[in-house]
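2 protein chains.
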Amino acid sequence: MNLESALRYSHTLLDQVVQPGDTVIDATVGNGNDTIYLASAVGKSGHVYGFDVQSAGLEATKTQLLLTGLLNQTTLIHDGHEHLSNHLPEDTQITAAIFNLGYLPGSDKSVITHAKTTISAVEQCLKILQRGGLVILVSYYGHPGGKDELNHLQTFLTKLPQKEFQVLNYQFMNQQNDPPILFAIQKR
Amino acid sequence: MNLESALRYSHTLLDQVVQPGDTVIDATVGNGNDTIYLASAVGKSGHVYGFDVQSAGLEATKTQLLLTGLLNQTTLIHDGHEHLSNHLPEDTQITAAIFNLGYLPGSDKSVITHAKTTISAVEQCLKILQRGGLVILVSYYGHPGGKDELNHLQTFLTKLPQKEFQVLNYQFMNQQNDPPILFAIQKR
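Following this line, the structure appears as structure tokens:
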């Protein structure tokens, strides 16, 4: 076995929590990898709400979902994740949400996630998270503005109330090139 | 599922690496929990070398190993882990080593592990570690002197060459009372 990358470990954790029939959120659809993974995990009786501000990725993801028969259990929303509550049915409860923070590889590097909107979106997810559920953040921070978002996020996560949440930090320590850091918030 | 504690996750990682027939090291026998776990994992064809500076724990561990039929595959050594190379057969290769850093719960709190001897012992383990093998450190640092050891250890780990080793940091961020931190070094 090899120690899992942050990205791989995010799926290892989600695999243990997400069940068929669940409602989950992909807060940063990007190229759609996590959306497709989640749509497969929740199955036809579950639902994925996917958000992104960039329409090109959403269109490509929609095509992939259609080709793989996963489109029915997915709603793709062209809006920033800080508005996610506006787009969910009333009384929605989720078992998981995933955020890939930074910029979308292969696209416009000036379009990045920002601390303020990221934290607002995480707070909205935590409010509707079921007990035992997970909000996972994979932070890429090597780009301009990345470390600022990371610092604000770490301060926010450190202050989450221990009685309500566990917050795990999983990261490699001796690598060049700022490998991504995984944060996992579990509701008690 | 619940996010695993650092201690629980240390066994999850070891479970994936340690096989029957392996030679492994428990660098801090303490109350013997890890020694017994490792002796069971390597089986009758493998071997565990266990080190501690406190004889009471070693005696109690020996009794436990005897009662559980695991004594034959275990050598308990009453010496500091910084001398571990002196006690191993020539050309020994290991697949894993585990360190529990801090003081032994329920015993003399003035007997603690120290950065210099800890790092020396880790270096000796890395020299004889097989490819894919793991050296795991679970750092309890809430006691006097604990943060000093932790800081030196983090500096050492951050500098381990990326081409030879991966170093993972696994810790909870929002807990009071300094919960233990897990570090896992894997040889590439």
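Sequence order for the protein chains is A and B.
So that you can map any letter, position 18 of the first sequence is 18 in UniProt numbering, and since no number is skipped, the others follow by simple counting.
So that you can map any letter, position 180 of the second sequence is 180 in UniProt numbering, and since no number is skipped, the others follow by simple counting.
Idealized CB from N, CA, C, for every residue including glycine.
Residue i vs residue j beta-carbon contact at 8 Å
{"i": "VAL138 (chain B)", "j": "ASN100 (chain B)", "result": "yes"}
{"i": "ILE185 (chain A)", "j": "LEU150 (chain A)", "result": "no"}
{"i": "PHE172 (chain B)", "j": "VAL17 (chain A)", "result": "no"}
{"i": "ASN177 (chain B)", "j": "THR158 (chain A)", "result": "no"}
{"i": "ILE119 (chain B)", "j": "LEU88 (chain B)", "result": "no"}
{"i": "THR74 (chain B)", "j": "GLN130 (chain B)", "result": "no"}
Same chain, Cβ closer than 6 Å to residue i, five either side skipped, listed in chain order
{"i": "LEU66 (chain A)", "result": "none"}
{"i": "ASP34 (chain A)", "result": "ASP26, ILE98"}
{"i": "LEU104 (chain B)", "result": "GLY30"}
{"i": "THR61 (chain B)", "result": "VAL29, GLY32, THR35"}
Residue from the options whose Cα sits closest to the Cα of residue i
{"i": "LEU13 (chain A)", "options": "A:GLY132, A:LYS163, A:GLU164", "result": "A:GLY132"}
{"i": "GLN54 (chain A)", "options": "A:PRO89, A:THR92, A:ASP79", "result": "A:ASP79"}
{"i": "GLU123 (chain B)", "options": "B:GLN16, B:ASP22, B:HIS83, B:PRO20", "result": "B:HIS83"}
{"i": "HIS114 (chain A)", "options": "A:HIS87, A:ILE128, A:GLY106, A:LYS147", "result": "A:LYS147"}
{"i": "ALA6 (chain B)", "options": "B:LEU182, B:ILE112, B:LYS163", "result": "B:LEU182"}
{"i": "GLN64 (chain A)", "options": "A:ALA39, A:HIS81, A:HIS87, A:LEU88", "result": "A:ALA39"}
{"i": "GLN93 (chain A)", "options": "A:HIS143, A:GLY142, A:VAL48", "result": "A:VAL48"}
{"i": "HIS143 (chain B)", "options": "B:LYS109, B:LEU71, B:TYR9, B:SER120", "result": "B:LYS109"}
{"i": "CYS125 (chain B)", "options": "B:LEU71, B:PHE165, B:TYR170", "result": "B:PHE165"}
{"i": "ASN72 (chain A)", "options": "A:GLU90, A:ASP91, A:ASN86, A:GLY50", "result": "A:GLY50"}
{"i": "ALA56 (chain A)", "options": "A:VAL24, A:SER10, A:GLY106", "result": "A:GLY106"}
{"i": "THR23 (chain B)", "options": "B:TYR9, B:GLU90, B:ASN2, B:ARG8", "result": "B:GLU90"}
{"i": "ASN169 (chain B)", "options": "B:TYR9, B:ASN2, B:MET1", "result": "B:TYR9"}
Own chain, CB closer than 7 Å to residue i, minus 5 neighbours either side, in chain order
{"i": "GLU4 (chain A)", "result": "THR12"}
{"i": "PRO20 (chain A)", "result": "VAL42, GLY43, SER45, GLY46"}
{"i": "LEU58 (chain B)", "result": "VAL29, ASP52, LEU76, HIS78"}
{"i": "THR68 (chain B)", "result": "ILE36"}
{"i": "LEU70 (chain B)", "result": "ILE36, ALA39, SER40"}
{"i": "ILE128 (chain B)", "result": "THR92, GLN93, ILE94"}
{"i": "THR155 (chain B)", "result": "none"}
Helix, strand or coil at residue i according to DSSP, with G and I counted as helix
{"i": "LYS163 (chain B)", "result": "coil"}
{"i": "TYR140 (chain B)", "result": "coil"}
{"i": "ASN100 (chain A)", "result": "strand"}
{"i": "LYS187 (chain B)", "result": "strand"}
{"i": "residue 192 (chain A)", "result": "Absent from the model: residue 192 (chain A). The displayed extent of chain A is 1 to 188, so no value can be given."}
{"i": "ASN86 (chain A)", "result": "helix"}
{"i": "GLN73 (chain B)", "result": "coil"}
{"i": "HIS81 (chain A)", "result": "helix"}
{"i": "THR68 (chain A)", "result": "coil"}
{"i": "THR92 (chain A)", "result": "coil"}
{"i": "LEU182 (chain B)", "result": "strand"}
{"i": "LEU129 (chain A)", "result": "strand"}
{"i": "GLN171 (chain B)", "result": "strand"}
{"i": "LEU13 (chain B)", "result": "helix"}
{"i": "LEU7 (chain A)", "result": "helix"}
Contacting residues, own chain, Cβ-Cβ under 8 Å from residue i (five flanking each side not counted)
{"i": "THR117 (chain B)", "result": "GLY80, HIS81, GLU82"}
{"i": "VAL111 (chain A)", "result": "VAL53, GLN54, TYR103, LEU104"}
{"i": "TYR140 (chain B)", "result": "ASN100, LEU101, GLY102, TYR103, GLY146, ASP178, PRO180"}
{"i": "LYS163 (chain A)", "result": "ARG188"}
{"i": "residue 196 (chain A)", "result": "An answer regarding residue 196 (chain A) cannot be provided, because it is not within the stretch 1 to 188 covered by chain A."}
### Task
Enumerate, from N- to C-terminal direction, the unbroken beta strand (DSSP E) stretches of 3 or more residues contained entirely within the region 18-65 of chain A.
Assignment of beta strand (DSSP E) within the region 18-65 of chain A, counting only whole runs of 3 or more residues, yields 23-26, 47-52 in chain order.
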